[in-house]
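Protein sequences, first through last, are from chains A and B. Sequential numbering from 1 applies to the first sequence in UniProt numbering. Sequential numbering from 1 applies to the second sequence in UniProt numbering.
2 protein chains.
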Amino acid sequence: MGNADNVYPDKNVERAHRVAIPPPQPFLKSFTASMKETFFPDDPLRQFKNQPPSRKLILGLQYVLPILEWAPRYSLQFLKADLIAGITIASLAIPQGISYAKLANLPPILGLCESPEKLLTASMLGNVVNANENPTLYLHLAFTATFVAGVLQASLGILRLGFIVDFLSHATIVGFMAGAATVVCLQQLKGILGLEHFTHGTDLISVMRSVITQTHKWRWESALLGCCFLFYLLLARYFSKKRSNLFWISAMAPLTSVFFGSLLVYLTHAENHGVQVIGQLKKGINPLSITHLAFGSPYISTAIKTGIVTGVIALAEGIAVGRSFAMFKNYHIDGNKEMIAIGMMNIAGSCTSCYLTTGPFSRSAVNFNAGCKTAMSNVVMAIAVMITLLFLTPLFHYTPLVVLSSIIIAAMLGLIDYEAAIHLWHVDKFDFMVCMGAYVGVVFGSVEIGLVVAVGLSLLRVLLFVARPRTMVLGNIPDSVIYRSVDQYPNANNVPGFLILEMNAPIYFANSSYLRERISRWIDEEEDRLKSSGETSLQYVVLDMGAVGNIDTSGISMFEELKKSTERRGLKLVLANPGGEVMKKLNKSKFIDSLGQEWIYLTVGEAVGACNFMLHTSKPKPVAADSESGSDNV
Amino acid sequence: MGNADNVYPDKNVERAHRVAIPPPQPFLKSFTASMKETFFPDDPLRQFKNQPPSRKLILGLQYVLPILEWAPRYSLQFLKADLIAGITIASLAIPQGISYAKLANLPPILGLCESPEKLLTASMLGNVVNANENPTLYLHLAFTATFVAGVLQASLGILRLGFIVDFLSHATIVGFMAGAATVVCLQQLKGILGLEHFTHGTDLISVMRSVITQTHKWRWESALLGCCFLFYLLLARYFSKKRSNLFWISAMAPLTSVFFGSLLVYLTHAENHGVQVIGQLKKGINPLSITHLAFGSPYISTAIKTGIVTGVIALAEGIAVGRSFAMFKNYHIDGNKEMIAIGMMNIAGSCTSCYLTTGPFSRSAVNFNAGCKTAMSNVVMAIAVMITLLFLTPLFHYTPLVVLSSIIIAAMLGLIDYEAAIHLWHVDKFDFMVCMGAYVGVVFGSVEIGLVVAVGLSLLRVLLFVARPRTMVLGNIPDSVIYRSVDQYPNANNVPGFLILEMNAPIYFANSSYLRERISRWIDEEEDRLKSSGETSLQYVVLDMGAVGNIDTSGISMFEELKKSTERRGLKLVLANPGGEVMKKLNKSKFIDSLGQEWIYLTVGEAVGACNFMLHTSKPKPVAADSESGSDNV
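In C-alpha cells form, the structure reads like this:
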C-alpha cells in the first residue's frame, strides 16, 4: 500500500497553483469562433492573407480554374508523360466502361465514365422500373438521379458541409465496397453462365436461388471462356502488384482480353454456340440529354433517393481517393472545393448523357503509376475515348459478353479488401463490426440497408462513448507526483484515505445519471474493500477533470448532487485540473462558490498533497495516525 | 518567452517513466465487462452479494414487492401521517382529475389518475378522431395507446434500456413541459371565454385564430368567474411557496374552488346565464375495458404512435421526479425497475378504464410536504377517490366548467419554469437553445415536432463535440513541470522549439480528418509566427493525449499520416500520456513501433525535458545554440 507522505517529495509543490477561469469572452465572439471552426476548419482563405491585391486576384483565379496553376510551367516532358498515362487509362477505360454500362442496364455507349456507384443506380432504380421493358424511362431516371446527385454534392460543398462525408468511416467504406463488389460479382454469374433470365434482386439469396433453379440452362462454353479470361486478368494484376514498373500489364489486360475474346468469337463463330456477344453498338458521341430529365415522372422520388444515396457515397469515395494521393504527393485537398467540382461534373454529365462519376480508385492508381503529371492526361484519355466512340465501335461487335463479365469480376475482386478487414479485427473490434455490418447489409439486404446499418453503428459508437464514459481509479506512480490509472499502470499505488477517479468524456445529459451512479458505486466498493481489509477509511474523493472537455447543465446538476451525497457520507469532494470550458460553466452556475475555490486544484498531485497536509495538521484523527504509522512500512 | 532549461528543475525526473500498455485481456472478458457497464451500470444485484441464501430470498421478495420492506416496521404514527397525506392529495386529485379528463376529451370519471401527458394523448388522437363525434372510438383508442405505452415502458425496463430516457435532457424537459403547459392553457381559453366551438389544432396560431374570429361569442360572466378563481388559486400557491408549512392552502384550493364555484352557480342559477356546468356524471367505479382495446381499428397506427411518444415522455418525467425525491431522502432509485412498475401500472390501467399515468411532480411534492411515510398514503387516497366516485358525483352537477379551466391553468402555470430557462441561458447557451427549440416546437408546431427538435439538437451537440474537438496549445506554468492551455492560463509560457497540443475528444472517424487539418494548421501558424518574430524554429510537435479517451482505425490512420507529414517538414512527433485504450490500439496497429517507443512519454513535462536534453547534446545545431543563448534572457 502506498504511503501518504512520500507521494509529495517536492516541498515547493505545496504552494498549490490556482486553477484559472479563462477570461470571459463576449458571446458573439466565441459563437463566431466556434462557427468558423465548424464550417471552415481548413481555413480556405489562408493563402490569401497578407498578399498584395494583384497576387490575390491571381490566386483567386487559380482557385477557381486550377489549369492556371499548372499551365504556365507545362513542358514537353510533362506532355510526354501525360500522353503515355492518358492512353494507358483509355485502354483500361474503354472496355471497363462498356462493361459497367451493361452492368447498370444502360446502353454500353453511355458507360465511359464510371465507378461502382453505378451498381447503386442500377439496383435502386431497378426496383421500380425494368430496364429491359422500359429502357427510355430507365435512362431518363438515371440522368435525373445523376443530376440530383450533382446538385446535392455541389450544394454540400457550397454550404461547407463537407464534414458529413467524414461520418462514413474507413471501416464503413471497406465493408460497403466489398459488399457492393460481391453483389456485382454475383450479378456477373448471369454473363459467365450464359443465362438469359435472371433475378432483378441484388441480394445473395435471390441470386443464388435464380442460379440454382436454372442449372439445366448453364452454358459450359461461356463458363469456360469466362474462367480463362478471369484467370488471365488476375494473373496480370498479380504481376503488376509484385513489381510496380509492370503496371502496364494490368492496365492493358482488359483491352487485350477484349481483343483476343473478339478474335476468338470471330474465328470460331462461337456466337452461335451459346456465347453471347455485344452486337450492334450505336456510333457517335453522347447526345444532349438535358431535355430528358424526368422531373415530371411518377418515379421522381425514387430518382431523388437514388441521387442522394449515390451522391453521398460517390463523394465519400472520391474524397477518400483524393486524400490518399494527396498524402503521397504532399499536397493539400480542400474537401469542400472537391465536392463542388464533383457536383458540377455530375450536373454537366447528366445534361450530356453521362452519368454518375467520380475518380474511381483503380483508375486514379493506374494514372498515378503511369506517371501522369497534370490533368492533361485526362484530356488525352477523353480524346482517345472520343475517337473510339466515333470510329471504332464496330470493332466491339464480336466482343463476347462473358469477357466483359470477367473484366468486371476481376476489377471487383480488387475492391474486396479482406486484408483491411482482418486488420480491423485485430486493431478495433467495433470497427470490424461496422465493416461487417455494411458488408452483410449490402450482400443480404440492399445497398441502403448496408449503409444505414454501418452509419447507425458508427454513430452508436460515438453516442455510447459519451453515454457510458470510462471512469478509472488513479494511483500514484512510485517516486513521483504523477497519478495514473491503476489498470494501465499496475505499479501505481492507492493513496490511503483517497479515492481518485478520472472520467474521459464530456459530462452531458447523456451520461450525467450514469456517472452519478457509477461514482457512488466506486465509493461503495472502495469503502467495502477498506472495511474488509481494515485499512484507513476514506476521507477524500478526488475527481481528475483533465479529460472532461465540456459540461452542460445536466452535468452541473450531477456535481451538485454528488457534492450533497459525498457530504452526507462524511467525504470531501475535490476537483483536479478542470479545463477552461468546464471552469467557466461551473463558475457561472455558482458551483465553484458552493464547493469552495480551495477544493479545486491544478493537478491531482497538488490536491493529494494539500489534503494530506490538512488531514495531518488540522484534524489529528486516529485515522491520520494510522496512515502515519503506515509510512514506516514502505 | 519561456526558457527551455528551467522547465525541468527536478533532476530525477529525467529518468522518464515508461508509458505502459495495459495487460492484454481476453476479448470475451472485456466484451462482457463493457456490456455489463452499458446495460447494468447500477449493478442491481449488488445487495445480494455475499448474503446467506435465506437473506437472499427475503431481499428478492422485497425487490419484487416493496410492501414487504416497510410493512414489518409500520406503526400508528406512520398511519396517522399517511392518512393526513392521503386525504390531502385526494382533495387535490379529485377536481384536478375531473379537469384533466375533460381536457383530454374523456368522460370526467376516467381522469382520476393523470399528468400533462394527457395533453399528448388528446392532441395526437384528436388529429384523426373527433372526440365529440365519435367518443367511443376515441376512448378505445386512448385505452389502446395507454396499453402500448405500458408495454413499451415495461419492455424497455426489462431489456435494461432505461438509459434511453437520459437522452431527454433536463433542458429538453423544461422546454417541453413549458410548451405543453402553454398549449394546455391556450386550450382553456375555450372554457374561460365560454366558447362552444373551438379549433382542434393545438398550435398557437390555430388557437389564436379561433379565439379572435369569435370575439362576438365571448361570455363575460364566464371570463369574470374564471379570472377570479385563477387569481385565488395563484394567490394560494404564492402563500404556500412562501412558507412550506402552509402547503395545505395550495393543496386545498382546488377543492374549495370547486365547492364555492358550485355553490355560486347553484344559488345564482348562473348555468342559465352563459356559465357551462359539468351536469350529469356517471356514478360508479371504472368498468373493465380490456375488451375495448382497439387493435383491429384502422387508426391503430396512430394509437401506437401516441402510446410510444407519451410512454417515453411519461417515463422521462416519472424517473426525473423519482430522482428528485430520492435525492432529498437519500435513497436509491433503480431506473429500470421504476420503468417496469410504471409500465405494469399502465397495462393494468388500460384494462380497467384508466389511462396514461405517472407520478406527477405536483402531486408527489404535495404528498412529500404532507408528510407521507409510505405508499400507504396512496392507498388512503385511492379509497377517498373511490368513495367520491361511488357516492358523491351528484355534488359535481353544478360545478362550472370555468372553475375546472382555472384549476388547470393554475396547475399549468406552475409547470412553466421560466427561472430554469433563464438559468440555462446564463450557464449554457446551447442548453438554452435546446430548451427553446422544444418550447417553440411544441407551441407553434406539435408535440412531436418539439420533441424531435429538442432531441435532435441534443444529439447534434454530442456529435459536434466529437466531430469538432477543441485543440489547445499548452504552455509551461512558471516554476513547475506542469503544462496547461495558454487560453486558460495566460501566464503559461511557450517552450522554444516546441508546439504542444492537447485534444480532448476520442479520435474517431468523425473527427480524424478535421484533426489532421487542424494540427497542420497549428503547425503552419506557429511556423509563420516564429518566422515573423525571428524566434527559434520548431523542432518538436508534442501531442498531449491524456484527454483522448479512445481511438479507432480512422484515428490511427490519421496518426500515421501526421507522422509522415511532420517528418517531411523536419519535425519530430512526440506523444505524451496516451491512455490505456489508446496505447492498446496503437500497439496492435504497430504505430508504436513505427513511431518508436522512445517518443512516447508519461507526461508533457518529461517529453519536453527529454527532447530538450537531446536537442542540446546529440544535435548541436545552430537552432539549439540559439535556444541556449535564449536561456540567459530569463
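Using N, Cα and C, we set each Cβ at its ideal position, and we do this for glycine too. For clarity, every value in this text was computed on a predicted model and none was experimentally measured.
Alpha helix (DSSP H) segment containing residue i, residue limits
i        : result
B/Ala236 : Trp220 to Lys242
B/Leu210 : According to the sequence as given, residue 210 of chain B is Ser; it is not Leu. Leu204 to Ile212 is the extent of the alpha helix (DSSP H) around B/Ser210.
A/Leu463 : Val447 to Ala467
A/Ser485 : Counting along the chain, A/Ser485 falls outside any alpha helix (DSSP H), though it belongs to the beta strand (DSSP E) covering Tyr483 to Ser485.
B/Arg516 : Phe509 to Ser533
A/Leu186 : His170 to Leu193
B/Ala438 : Lys429 to Val440
A/Phe31  : Phe27 to Phe39
B/Leu595 : Phe591 to Leu595
Integer-rounded CB distance, given that residue j should sit under 8 Å from residue i
i        : j        : result
B/Leu125 : B/Ile308 : The Cβ separation is near 13 Å, so there is no contact.
A/Ser512 : A/Ser554 : 4 Å
B/Ile500 : B/Val473 : 7 Å
B/Ser257 : B/Leu233 : 6 Å
B/Leu263 : B/Val165 : Not really, about 45 Å apart at Cβ, beyond 8 Å.
A/Pro478 : A/Asn494 : Incorrect: roughly 12 Å between the Cβ atoms, too far for contact.
A/Ala505 : A/Pro469 : 3 Å
A/Trp218 : A/Leu193 : 5 Å
A/Tyr299 : A/Val128 : 5 Å
A/Ile556 : A/Val541 : Contact doesn't hold; Cβ gap of about 17 Å is too wide.
A/Phe465 : B/Gly162 : That belief does not hold up - the Cβ atoms of A/Phe465 and B/Gly162 are roughly 19 Å apart, past 8 Å.
A/Ser350 : A/Thr213 : Going by Cβ atoms, the distance from A/Ser350 to A/Thr213 rounds to 38 Å, so no, they are not a contact pair.
Range of the contiguous beta strand (DSSP E) that encloses residue i
i        : result
B/Asn378 : Careful: B/Asn378 lies outside any beta strand (DSSP E), inside the alpha helix (DSSP H) at Met376 to Ile387.
A/Gly475 : Thr471 to Asn476
B/Glu502 : Phe498 to Met503
Residue(s) in a DSSP beta bridge with residue i
i        : result
B/Lys572 : B/Tyr540
A/Pro400 : A/Val277
A/Ile422 : According to DSSP, which records beta bridges pairwise, A/Ile422 is partnered with nothing at all.
B/Tyr601 : B/Ala576
B/Asn493 : B/Asn476
A/Ile551 : A/Ile507
Test: residue i CB closer than 7 Å to a CB of chain E
i        : result
A/Glu517 : Although the question refers to chain E, the structure presented lacks it and instead comprises the protein chains A and B.
### Task
Give a yes or no on contact between the region 425-433 of chain B and the region 300-316 of chain B, applying the rule of three or more CB pairs nearer than 8 Å.
With a cut-off of 8 Å, the region 300-316 of chain B and the region 425-433 of chain B do not count as touching, because too few Cβ pairs lie within range.
### Query
Three or more beta-carbon pairs under 8 Å between the region 567-580 of chain B and the region 541-548 of chain B, yes or no?
Enough Cβ pairs lie closer than 8 Å, so yes.
### Task
Taking 8 Å as the threshold, find out whether the region 197-205 of chain A comes into contact with the region 412-429 of chain A through three or more Cβ pairs.
The count of Cβ pairs closer than 8 Å, one atom from the region 197-205 of chain A and one from the region 412-429 of chain A, stays below three, leaving the stretches out of contact.
### Query
With a cut-off of 8 Å, do at least 3 Cβ pairs link the region 505-522 of chain B to the region 508-525 of chain A?
Note that the region 505-522 of chain B does not touch the region 508-525 of chain A; fewer than 3 beta-carbon pairs, one per stretch, sit closer than 8 Å.
### Query
Are there three or more Cβ pairs, one per stretch, closer than 8 Å when the region 378-397 of chain B is compared with the region 140-158 of chain B?
They do not touch, by the three-pair rule.
### Query
For the region 401-419 of chain B against the region 17-34 of chain A, are there 3 or more C-beta pairs whose distance is under 8 Å?
Between the region 401-419 of chain B and the region 17-34 of chain A there are fewer than three C-beta pairs closer than 8 Å, too few to call the two in contact.
### Task
Would you be able to state if there are at least three C-beta pairs under 8 Å between the region 44-55 of chain A and the region 602-618 of chain A?
Touching, no.
### Query
Quick one: any contact between the region 260-276 of chain A and the region 396-414 of chain A, if contact means 3 or more CB pairs under 8 Å?
With the cut-off at 8 Å, the region 260-276 of chain A and the region 396-414 of chain A touch.
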